[in-house]
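Counted from 1, the sequence shown has number -8 at position 6 by the numbering used here; the numbering is strictly sequential.
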Amino acid sequence: MDEINAIIDETIRPALQRDGGDLQVVSYEDNVLSIKYQGACGGCPHAAMGTLRFIEQTLKEKVNPNIVVKIA
């Protein structure tokens, strides 16, 4: 979980914050990361598609190829 948080803080969160958004990790169990969007990401139609794919792909490449990211 520490590695996931580090990738989120170093790579993912800054990208979201550039557009006025952010995310909160709700849980991580059995390779499933549940997140909650905050700020501008909460009401953005791209959050459910493009942004979620970006988050998942980044974590697959840097942490675990089997990780799945879902919106809580």
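Note that CB positions come from ideal geometry on N, CA and C, so glycine has one too.
At a Cβ-Cβ threshold of 8 Å, Val18 and Ala58 do not count as neighbours. Assignment of Ile53 by DSSP, reduced to helix, strand and coil, places it in the coil class.
Going by DSSP, Asp(-12) is part of the alpha helix (DSSP H) stretching over Asp(-12) to Ile(-7). In this structure, Gly6 is the residue among Ile(-7), Asn(-9), Ile(-10) and Gly6 with its C-alpha nearest to the C-alpha of Ala33. For Ile21, the enclosing beta strand (DSSP E) stretches over residues Val18 to Gly25.
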